[in-house]
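Visitor:
In this note's numbering, the protein residues as written are -2 to 204.
What follows is the structure, encoded as structure tokens:
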């Protein structure tokens, strides 16, 4: 693992430890975050930690044709009770994501510093949000990094049940691959699976 300086640089992915931690330090500038995502690296750290950069040996991804849409979800989609927009409420989406209670985490990793950085990426057209609305109110959504043919998802939330699933289904219509970064049971239930870092990088390099 390397300690980053002001130089715009990341070490080769092979230098990541067995958990995927590859570097610490540096900053959350637009240029560094762009380089990170295009290199298969993402930041993930708690507010009281230095910036930690990760490239896991296995990557949780969704191939869109493998998405699982349950019978009940198909019924909800047919009813049209939700509406979906893109990039209409980025700040509201990331704010709601930062407030979601996650029982397996000690607080939110989406600090004020992270929020500010991703809002800058959004202003540059790099970060994207999908919003789901119900009766004119924001019901759920997600945000992440648009890499062209790949979308690197950062977080999603629901205020109304199933709203984040609606956003995820919408996302799968647009990209060759959705990068979900790290395994969890909920993502697996939606059709996501782990692939080797090498395979992920081969797909990413096609862009």
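By construction, the Cβ of each residue, glycine as well, lies at the ideal position given by its N, Cα and C atoms.
No experiment lies behind these values; they were computed from the predicted model shown.
Using only the alpha-carbon positions, how far apart do residue 0 and residue 18 sit?
Guide: 11 Å
Visitor: From the DSSP output, in three-state form, read off residue 5 for me.
Guide: coil
Visitor: From residue 160 to residue 191, what does the alpha carbon distance come to, in whole angstroms?
Guide: 24 Å
Visitor: Specify the secondary structure class of residue 92 as computed by DSSP and reduced to three states.
Guide: helix
Visitor: Residue 163 and residue 90 look like a contact to me (Cβ under 8 Å); what is the Cβ gap, rounded to whole Å?
Guide: The beta carbons of residue 163 and residue 90 sit about 13 Å from each other, so the pair does not count as a contact at 8 Å.
Visitor: Provide the residue span of the beta strand (DSSP E) that contains residue 184, from first to last.
Guide: No beta strand (DSSP E) contains residue 184, which is instead part of the alpha helix (DSSP H) from 182 to 186.
Visitor: Nearest CA to the CA of residue 5: which residue from -2, 25, 14, 12?
Guide: 25
Visitor: Can you tell me whether residue 14 is buried or exposed? The criterion is at least 16 other CB atoms within 10 Å of its CB, across all chains shown.
Guide: exposed
Visitor: Please state if the CB of residue 148 and the CB of residue 174 are separated by a distance shorter than 9 Å.
Guide: For residue 174 and residue 148, yes; Cβs fall inside 9 Å.
Visitor: Report the partner residues of residue 136 according to the DSSP bridge assignment.
Guide: Answer is none; residue 136 lacks a bridge partner.
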